[in-house]
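For the sequence shown, the working numbering begins at 143 and goes up steadily by one. Glycine included, every Cβ here is placed at the ideal spot set by N, Cα and C. No experiment lies behind these values; they were computed from the predicted model shown. Shown next, in structure tokens, is the structure this report addresses.
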Amino acid sequence: MVSALLGKKVGMSQIYTEAGKLVPVTVVAAGPCTIMQIKTKETDEAMSLQLGFEDKRRHRATKPEQGHAKKAKCEPKKFVREVPLDNPAEYQLGQALTVGVFEGVKKVDVIGTTKGKGFQGGMKRYGFHGQGASHGVSMRHRAPGSSGSNTDPARTWPGTRRPGHMGARRRTTRNLELVKIDKDRNLLLIKGAVPGPNGGYLVIRKAKAWKDKSK
């Protein structure tokens with residue numbers, strides 16, 4: 143059974159549970175996802191499904207993308223990813239998968255790309271406190287200060303926290319509660335925040351490192 147879908151982050155909201163508790167949720171438009179390719183051990187030495195989400199205009203797709211989509215009898219897709227599968231023979235090329243695959247799932251992992259913030263200093267990137275605001279400090283209030291070693295080895299060690307590129311990294315948020323499934327609008331309501339900006343593409347899968355202790 144497929145335990146993952148592709149989607150897009152719509153934004154954050156909040157809902158009330160039946161017990162009257164306010165829960166912050168992220169609204170994710172998940173699917174329908176088209177099966178673009180079925181991989182088996184005999185053909186590709188792997189067992190997985192290649193899913194595509196959200197149609198792309200044909201004139202914006204490359205010739206290989208158009209030919210690949212033609213085999214599945216669908217339009218080229220903007221977001222294509224592979225998800226592992228144990229029984230690919232149960233699915234067909236061009237088949238559409240919806241949020242119904244998460245029926246009965248309590249926890250999910252969400253994979254996305256964090257917001258890119260460009261080049262940032264040590265205070266924003268790592269939470270440094272900065273230097274003093276008086277007593278001889280001039281134009282160095284937000285500088286990280288000395289990060290080198292002594293005369294030997296007289297250099298900055300690799301991995302030292304320094305100003306640099308921040309964000310735009312692939313991140314996985316694990317074991318988030320799946321609060322609600324809206325089959326009519328293909329929406330998932332997931333408790334808490336997920337990586338990325340509104341409109342960012344996501345991979346939503348059944349939680350790997352969570353065990354249901356209620357059973």
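Excluding its 5 nearest sequence neighbours in each direction, residue 317 has C-beta neighbours in its own chain below 6 Å: 249, 349 and 352, listed in chain order.
Sorting 239, 206 and 202 by C-alpha distance to the C-alpha of residue 325 places 239 at the top. Each of 192, 166, 251 and 164 was checked against the Cα of residue 176, and the nearest Cα belongs to 192. Residue environment for residue 279: exposed (fewer than 16 other C-beta atoms within 10 angstroms of its C-beta).
Residues 308 of the same chain have their beta carbon placed closer than 6 Å to that of residue 267, with the five preceding and five following residues left out of the count. Between residue 216 and residue 242, the C-beta gap is not smaller than 8 Å, which leaves the two residues out of contact. Inter-residue distance for residue 271 and residue 291 is about 21 Å (C-alpha atoms, whole angstroms).
Inter-residue distance for residue 205 and residue 302 is about 45 Å (C-alpha atoms, whole angstroms).
The alpha-carbon separation between residue 145 and residue 244 amounts to approximately 7 Å.
Rounded to the nearest angstrom, the gap between the Cα atoms of residue 253 and residue 265 is 27 Å. For the pair residue 286 and residue 312, the CB atoms are not nearer than the 8 Å cut-off. Two segments are said to touch when three or more pairs of C-beta atoms, one from each, lie closer than 8 Å; by this definition the segment 158-165 does not touch the segment 178-197. Where residue 293 is concerned, there is no enclosing beta strand (DSSP E), because DSSP gives it neither an H nor an E.
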